[in-house]
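K.L.:
Heads up: the sequence shown begins at 2 in this note's numbering, then just goes up one per residue.
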Amino acid sequence: RYNFYKGKYRTALGVFLSIRRKQNLTVSEMGLVHFYMGQCYYYLDKNSKAIKYFILAKEQKEYSSQSDAWIERCLEN
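#1: Have a look at L26, R22 and Y37 and flag the residue whose alpha-carbon is nearest the alpha-carbon of G8.
#2: Is C75 closer than 8 Å to I52 when the C-beta atoms are compared?
#3: From N78, A70 and R22, pick the residue whose C-alpha is nearest to that of V34; which is it?
#4: Using only CA atoms, which one of V16, I72, T27 and N4 lies nearest to Y43?
#5: List the whole-angstrom C-beta distance separating S68 from K62, where the pair is believed to meet the contact cut-off of C-beta under 8 Å.
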């Protein structure tokens, strides 16, 4: 998350992709990774990819309402 909060979205995506490949993530952790990936793509102006990852994040109830809000943002742009 360090790179994400520093605005280094491309670097953050690389980190999140490598984390995602790990086999030992919980379902909740995977949802969080997908949520952050969606935000990275949003800030990189890649809204269709962002929506894809927000939809994946929505599969976890804890990220559902936040993901819906971000999907709306993507569709507004």
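Even for Gly, the Cβ is constructed at its ideal location relative to N, Cα and C.
P.N.:
Based on what the coordinates show:
#1: Along the sequence shown, one-based indexing puts residue 8 at 7. Per the Cα distances, Y37.
#2: Mapped onto the sequence shown, residue 52 falls at position 51. Mapped onto the sequence shown, residue 75 falls at position 74. Cβ atoms of I52 and C75: closer than 8 Å.
#3: For the purposes of this step, residue 34 is taken as residue 33 along the sequence shown, with counting starting at 1. Of the candidates N78, A70 and R22, the one whose C-alpha sits nearest the C-alpha of V34 is R22.
#4: Against the sequence shown, residue 43 aligns to sequence position 42. Residue I72 is the option with its Cα nearest to Y43.
#5: Stepping through the sequence shown from its first residue, residue 68 is reached at position 67. Stepping through the sequence shown from its first residue, residue 62 is reached at position 61. Not a contact, Cβ separation roughly 10 Å.
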